[in-house]
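Enquirer: Each number in my numbering comes from the position in the sequence shown (counting from 1) with 4 added on. Quick reminder that beta carbons are idealized off the backbone N, C-alpha and C, glycines included. Remember, it's a predicted structure, so these values are computed and weren't measured experimentally. One structure follows; several queries about it will come next.
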Amino acid sequence: MMADHLPPALLEACVVLGASSDKLSELYQAVDNNEAPDLLLLEPEVLHVLAPPFVSRPQDESDTLRSQGTRRRSFLRKKREHPSAAETPSQGGIGESEDVSVPKDIDLMALPLLCFPGGLQVTNEQKDEQFHFLVFTDVFGNKTHGVVMHCYRPILEGKSIFQNGAGSSKCSKLFSAYGICIISKYPYFTAIKDCLSCLLIQLRTCRLSDMEERVKEFAAKLSLVPIPPPGQLHLMFTLHPLTIVLPSRENKDHPAVDLDLHLPFFCFKPQQLLQVLSCLLQEQRVVLFSADWARLTLVAESFLLFLQPLLWQQPYVPVLARGMLDFLMAPTAFLMGCHLSHFEEVAAETDHLILINIDNGSVSTSCSETLDLPEIPPAAANCFTQRCQALQIHFDLHQCNHASCSDISEQRARRRAWQHNLNHDIQRIALELMVNIFRDVSGHLNYEHRVFNSQEFLKTREPAEQLFYKTVLDTHVFHSFLKDRLNRKIDNFARMELITRSDMQRVKAMVKAPRRPTMQEVQARRRSSIAGSKLSKRLGMSLPNLGDDQTISFQRNSLLSRISIPDAVLRTPPKQTKVFKLPDFPASLSFRSVQGYYSELIQQLGKAIFSVKNENSSLLARFYYLRGFINTLYGRRLEALGDFQNLYRTDTAIFPTQLVTWLVDSLHRDERQQADRRPELKRLILKVKTDSEKLLVQPDEHVKKFKLPLHTLHLEEFVRCIQECGIVKDVATIHRLFDALSDGEPKRVEPDLFRVFYNFWKEMEGQAQDVDLPSEVIDHLDNSECVYKLSSCIKTSHGVGKIAMTQKRLFLLSVGRLGFLEIAKFRDIEDVKISSAPFLLVRIPSLRIKTSGKLEVFEANLKTETELWNLMVKEMWAGRRMADQHKDPQYMTQALTNVLLIDAVMGCLQTQRSIIAASKLAYFDKIKYEVPMMVPKTTSETLKHKINPSLDLAEPQTVHVLLYTPGQLTCNNSAAEMNPKLWVALSGGRVVVFDAASWSMLQDCIQVGETQLNCMLGSVQEQVWIGSQDSVIYIIDTHSMSCNKQLTEHRHEVTGLTVDHRDVQMYSCSSDGTVLQWDSASLKVKRQIHVSCDRLSSIQIYDGTLWCCCDDSIVELKKSGTPQRRMALPDDLLSMPSIFSSFVLIPERGQLWTGCSDSGELILWHTKDHRRPFKRISLPGCSGVTCMIQVKDQIWVGCRAWSGIGGKCEDQPRSQVLVMDAESHTVAKELKAHSDSIQTLCSAEDRYVLSGSARHDGKIAIWKVE
């Protein structure tokens, strides 16, 4: 059925509940006979169920309202005859024979109890109407929401409260309650309460005989209200006398927020709020109590919103009726709500419950009046408390300096705006709390194998916090959170975690070094440490003769006792919202009237789309979505598909895949023929059919905890285990480690050896965490330095002490005076060797280190540690030299990892051959004898820096495309400059983004399709266009870093993009020779051109003229699209065979430079004089040109070559960048910095050139332009 595919409207069902006429008649007679008890409670029953659709297409000119019978369910039966949801018959009217079922998610048996949780009361006086709220959860966790209104009416002789007919005019002195429950798929508590309040005005003034029709009409109107799509478009409608607003969800992963989130702050102090959140995070059995039924659901919903993005997945019943208290005996975790009158009974008869009294703000347990549960870590708790104290939660204080409102609509609008901003602030504060609690989780994840190393995470927590985390880590709520982190979900948590990182955390993210405390962290812990704290046992063993008064004790946890997050992060205002007003409801709810309502709504949406035009694509997408939805209800399938097709170019995040698939499948033959005549619909239908035929691959949702292996490990299993436990990611390094540990044949590692190695590695990490340094020593070190290795106490040429190694230097911690003596910076070392020093009658092995600028050689009697330190110092020395020569800090990080692995292998093997095994890990010390370490002078002078875009991956990836976008002022904050960015396209549709000011990674993965990306272009619309092999142009928003737009007009892989800056027209080309001209604002095709060629690989535009790079020619096109000139590949190159790979046009010089994929020369064409022959320019050491760009008066050429010795080529690909002088046509520079072929070049404002290489190298080199 269509209803299964359509997004729900506001109303899912309207249910009327009350006492049956039989019960009321009995009661009436009892009152007449003076037999009625003082307190009367009747059993409520379902009287009517009204559910859409309320109108149907007219048959035989019969235009009827569905609720005349076919959609009205009458339940005036005794309890034993209550029908189930599956077998509810319709009653009376035209459609009596039609089988109509109650909405499947509604449990009619439990509904009366929940709608009257305290029982259906009969009173002797009229009572005010009351509201409360319900949430129903099915076994799959899907929620349905209800708003219940209780009204009181006098009991008439022999009549039900809600029964047609005039009845008797004789009234009793008793009043009976009846309820109206509006059920919705979405939590619009406030909006639906407003709607019921409007209905209440009608019910108060209408005759009893008219009540049924009023409710039917009311339900039918609400069924016409669509739900706003996720985003910043709210919907407004008028239900006399109120104007009601439906706020939209922030995104499809978040529920709509239509309640006052500050209510819990009225009921609880921040400390109690933290206690409640701690109980929920630890999945306790939590019961809320209040004397007001309405508070239970509103407060419970607020608490669950505070947990976002963690989702409560245990039983959730915020309102329990009197007859449901046995639910509290459930052994599992739950969140439930009870009336306050049951507090003592529940506390006495049920153990291990968390009892939360909303009315007095207390939190206790059923065993005691205090809560004895692990608390939220104090650093995060203190920050949350401070934020709460700064909240302005009183509307009257906000309004005291404003003029009084004389119009209720204006007053409600003011209140809505204030509440919207306050809800935003509260959600940001709650999100900050979750970020502070779980920030460090990502550092213990292995994405490739989906492993969370919980034990290592717990070791980094404070002792007092470990019980809290140990409990939370075993919960379902945390498990779902882990799934999102392992899926690299970019949600609000991920965004806040990124923007609130400290400078040190950003530095650590740039270079994946083994975790050790930096000097900056040591100093921060010094400031936050408790005066008079004592040294730990391990710390006392780690340093010589350090007194308590001279040391600083710091904690393992990187989360300090105070968390400082900039207020600007939380003061970020909510996004601007747009409110769209729906037309007035039709006067009569006939089929034709409803169709007229839809027609008017479609017209208004069309006007809104025209008014927005291309100024706000996100808002435009919401209007298209709504119009597509209404067109579907209106029966205009093709127009609906056209609207949904427009979502590709505006926002694919809200594309309704299931609805569109249903629409395509339901097209009639004539509609299908019309669709085939419309290219955009034909493409959409083809894509839907293709996607539906693909095998549905379920995402990998499993999460593993790391466990030590129990069986013998071969190479592949060893690689997996090492990656899972988080020691090393790099596959090549793990192979060397396997070779070191499996010394012998066959190659394998026993589980006992792996366990010893793992424990030794973790013990080294623990020792480094506990190393404490005197303040005099810290002052000599850089903030980012970490102590990675400390020797035993030894005799040296400068006295007795311990040698300490950081990533930059060696220094001596001397005994006694606690002095700091720098032995050497690694870059200054000239020689390292082992010698022997005489001691009595024997000679003791020693290590001699010669440093430039020092005449005296440093000598240390390291005894049995001599060979180990010799290996480590040489490896660090070689790594430092490689890093300096190649301007690549990753070499130093890799050398440091090698050194720590050497230390661990030596420690776990404990054999005479251990030094031989460990030496296999000294990679840089080894290759310095095989590969010249000296980089050519020209390269060294021109190379500025190197970065690794595959830092988070196990193996390097090919850098397919690079794009630099300059810094600019943001629209949101004109005072804050947005730094320039470097966009990197890696294999498999992965895009990585760097801050081009600091070269720190901003985004480690934006997934853009699943195939190779061929080209990128920065747009003036603050967008990045990316052409893919799958024929789609993907568009990334540079602010949100999200890819929510797609252009699908190409039929073959997109190979080139260019922009005409004169009129901001974008051009794209595909391999089949199609060139499309785009309007960059509307993202619509303005013109299509076809170039006749075997393959079109790139395009460029100069002065309105298109130049196309084909395999065998360079084609110049006129504005009309007709070829004006064609430069064909020379015959000798055609016979090789070879193809044009790239070109550069310099119009002012009349030059066209071309390169070929399998030719070691450039061809220079003269565009101003066609008769002049082309010129060949030989490129030294080049076997093919891969890419070219113009920078100032230079042509930078990426070349491919093969390394050769003695004229013989090896299988090792090499590459170089050649800088050509455009005037002299000569090679100005030869630059060599990549060990694989160069794939792409890009310019950064003509100041720098960036080159990216294939996967064997996978690095990006940054070159200075002179």
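#1: Could you pull the DSSP bridge partners for Ser-1074 from this structure?
#2: Report the option in Val-1119, Gln-1128 and His-402 whose CA atom is closest to the CA atom of Trp-422.
#3: Return the chain-ordered list of same chain residues with a C-beta closer than 6 Å to the C-beta of Pro-322, the five sequence neighbours on each side being excluded.
#4: Would you mind sorting Ser-546 into buried or exposed? The rule is 16 or more other CB atoms within 10 Å of its CB.
#5: Who are the near neighbours of Lys-1268 in its chain, counting only those whose CB is closer than 7 Å to its CB and skipping five residues on each side?
#6: When the distance is taken between beta carbons, is Ala-926 closer than 7 Å to Phe-761?
#7: Once the 5 residues before and after His-480 are set aside, which same chain residues still bring their CB inside 7 Å of it?
#8: What does the alpha-carbon distance come out to for the pair Thr-737 and Lys-1236?
#9: Residues in its own chain within less than 7 Å of Phe-310 by CB, not counting five upstream and five downstream?
#10: Identify every residue that forms a DSSP beta bridge with Gly-857.
#11: Roughly how far, in whole angstroms, is the beta-carbon of Leu-375 from the beta-carbon of Gln-279, given that I think they are within contact range, below 8 Å?
#12: Pro-1127 lies in the beta strand (DSSP E); which residues open and close that run?
#13: Rounded C-beta distance between Pro-1114 and Arg-1091? I'm assuming under 8 Å.
#14: Do you know offhand how far Asp-743's Cα is from Leu-719's?
#15: Tell me the start and end of each unbroken beta strand (DSSP E) in the stretch 856-899 that is at least 3 residues and wholly inside, in chain order.
#16: One question on the structure: do Leu-814 and Ile-827 come within less than 7 Å of each other, judged by their Cβ atoms?
#17: Taking only three categories from DSSP, how would you classify Ser-370?
#18: So within the stretch 643-698, which uninterrupted alpha helix (DSSP H) runs reach at least 4 residues, ignoring any that extend past its ends?
#19: Helix, strand or coil for Asn-620 per DSSP?
#20: Taking the beta carbon of Gln-614 as the centre, do at least 16 other beta carbons fall within 10 Å, making it buried, or is it exposed?
#21: Suppose you measure from the CA of Ser-670 to the CA of Arg-676; what does that come to, to the nearest Å?
#22: Do you know offhand how far Asp-1162's Cα is from Gly-1262's?
#23: Give the single residue among Glu-133, Leu-377 and Ile-110 whose Cα lies nearest to the Cα of Gly-150.
#24: Pairing CB atoms from the stretch 880-888 with CB atoms from the stretch 859-868, are three or more of them under 8 Å?
#25: Can you tell me whether Ile-397 is helix, strand or coil according to DSSP?
#26: Per DSSP, which residues does Thr-1109 bridge with? Please list them.
#27: With respect to the beta strand (DSSP E) encompassing His-802, which residues constitute its N-terminal and C-terminal limits?
#28: Suppose the cutoff is 8 Å on Cβ atoms and the five residues either side in sequence are ignored; what does the same chain contact list for Lys-487 look like?
#29: Between Leu-1245, Gln-1220, Thr-1078 and Leu-685, which has its C-alpha nearest Met-1192's C-alpha?
#30: With which residues is Phe-338 paired in a DSSP beta bridge?
#31: In chain order, which continuous runs of the alpha helix (DSSP H) of length 4 or greater are located wholly inside the stretch 117-150?
#32: Straight-line CA distance for Gly-1060 to Thr-1052?
#33: Report yes or no: do the stretch 637-655 and the stretch 608-622 share at least 3 C-beta pairs separated by less than 8 Å?
#34: Is the distance from the Cβ of Asn-457 to the Cβ of Gly-730 below 7 Å?
#35: Is the distance from the Cβ of Gln-236 to the Cβ of Lys-709 below 7 Å?
#36: What runs of the alpha helix (DSSP H), each 4 residues or longer, lie entirely inside the stretch 1138-1176?
Expert: Result, derived from the coordinates:
#1: Looking at the DSSP output, Ser-1074 shares a beta bridge with Val-1058.
#2: His-402
#3: Val-139, Leu-300, Thr-301, Ala-304 and Gly-341
#4: The predicted position of Ser-546 is uncertain, since its pLDDT is 32 and thus under 50; a value taken from the coordinates is nonetheless stated next. It counts as buried.
#5: Taking Lys-1268 as the centre and dropping the five residues before and after it, the same chain places the C-beta of Thr-946, Lys-948 and Tyr-1252 closer than 7 Å to its C-beta, in chain order.
#6: no
#7: Glu-287, Gln-317 and Gln-318
#8: 24 Å
#9: Leu-281 and Ala-434
#10: For Gly-857, which the question treats as bridged, DSSP gives no partner whatsoever.
#11: Leu-375 to Gln-279, Cβ: 6 Å. Contact.
#12: Segment 1127-1132, the beta strand (DSSP E) holding Pro-1127.
#13: Note on residue identity: the sequence assigns Cys, not Pro, to residue 1114. Between Arg-1091 and Cys-1114 the Cβ distance is about 20 Å, and since that is not below 8 Å, they are no contact.
#14: 9 Å
#15: 862-865
#16: yes
#17: coil
#18: 651-654, 661-669, 673-680 and 683-697
#19: coil
#20: In the sequence as presented, Gln is not what sits at residue 614; that position holds Phe. Burial call: exposed.
#21: For Ser-670 and Arg-676, the distance between alpha carbons rounds to 10 Å.
#22: Looking at the two C-alpha atoms, the distance is approximately 22 Å.
#23: Ile-110
#24: no
#25: Three-state DSSP puts Ile-397 in coil, outside helix and strand.
#26: Tyr-1106.
#27: Element bounds for His-802: n/a, residue is neither H nor E.
#28: Glu-705 and Val-707
#29: Leu-1245
#30: For Phe-338, the beta-bridge partners assigned by DSSP are Arg-289.
#31: As far as the stretch 117-150 is concerned, it has no whole alpha helix (DSSP H) run of at least 4 residues.
#32: Whole-angstrom Cα-Cα distance: 15 Å.
#33: yes
#34: Their beta carbons are under 7 Å apart, which means Asn-457 touches Gly-730 by this criterion.
#35: The Cβ atoms of Gln-236 and Lys-709 do not sit closer than 7 Å to each other.
#36: Taken in chain order, the stretch 1138-1176 contains no complete alpha helix (DSSP H) segment of 4 residues or longer.
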